[in-house]
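See structure below.
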Amino acid sequence: MDSYLLAKALHIFGAVIFLGNIVVTGVWKALADRTRNPVVIAYSQRLVTITDFLFTALGATLVLITGWFFLAKNFGGINDIYWLSWSFWLFIASGILWVAVLIPVQIMQSKLAKNFRADDEVPDQYWKLSKVWEVVGTIAVVLPFSVLYFMIFKPT
């Protein structure tokens with residue numbers, strides 16, 4: 788197998804686990820929060836944090852490394868092609884939202900949820916953080932799906 792096909796396969800694999808995890812994580816967390824059950828929320832919050840570090844980070848790393856360093860050069864680089872440039876910057880914007888907002892919020896929520904017990908009331912601070920996670924998370928999910936559009940349709 789040549790290096791281009793290997794890079795492309797790793798890029799697609801990274802995109803699948805990245806996009807799959809960001810969607811599933813959002814749905815999973817929203818459904819857990821809807822139960823308002825502190826035990827369910829605590830369990831879900833812990834797994835959301837773990838899966839984001841494992842799958843979202845791994846997928847994003849594979850997409851970025853294979854796309855930027857290996858595949859984009861076949862089209863002249865990210866600065867020479869409109870759809871590659873937009874894809875790169877939308878992906879970076881999503882990453883900035885994850886690093887600057889979503890991961891810190893998840894960590895704060897995990898710390899709060901760690902001590903939830905069955906008969907506890909979920910504190911207001913958790914719900915405020917959840918709203919931030921929901922709004923910013925929606926934006927951070929839409930951006931990579933915009934990248935997927937550019938990758939598939941390559942508009943000029």
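Just so we're aligned: 816 in this note's numbering is position 29 of the sequence shown, and the numbers increase by one with no gaps anywhere. Backbone N, C-alpha and C define an ideal beta-carbon position, used for all residues, glycine too. Please read these numbers as outputs of a predicted model, since none were measured by experiment.
Reduced DSSP category for residue i - H, G, I as helix; E, B as strand; rest coil
i      : result
LYS941 : coil
ARG833 : helix
ASN808 : helix
PRO931 : helix
PRO825 : helix
Boundaries of the alpha helix (DSSP H) in which residue i is found, first to last residue
i      : result
ASP789 : Element bounds for ASP789: n/a, residue is neither H nor E.
Buried or exposed by the 16-neighbour rule on C-beta atoms within 10 Å, applied to residue i
i      : result
THR853 : buried
ASP820 : buried
TYR869 : exposed
GLY807 : exposed
TYR791 : exposed
ALA796 : exposed
GLY846 : buried
ALA887 : exposed
Residue i: CB within 7 Å of a non-hydrogen atom of the ligand COA
i      : result
VAL928 : Annotation note on the ligand COA: not contained in the displayed structure, which lists no ligands.
(request) Answer yes if the stretch 910–922 comes into contact with the stretch 848–866, meaning at least three C-beta pairs across the two stretches below 8 Å, and no otherwise. (result) no
(message) Ignoring anything shorter than 4 residues, give me the alpha helix (DSSP H) runs that lie fully in the stretch 851–908, in order along the chain.
(response) 869–884 and 890–900
(request) Evaluate contact between the stretch 877–884 and the stretch 926–933, counting only Cβ atoms and requiring at least three cross-stretch pairs below 8 Å. (result) yes
(message) Is it the case that the stretch 801–814 contacts the stretch 901–909, given that we only count it when at least three CB pairs across the two stretches are under 8 Å?
(response) no
(message) Does the structure place the stretch 934–942 close enough to the stretch 810–820 that three or more beta carbon pairs sit under 8 Å?
(response) no
(message) Does the structure place the stretch 829–836 close enough to the stretch 894–903 that three or more beta carbon pairs sit under 8 Å?
(response) yes
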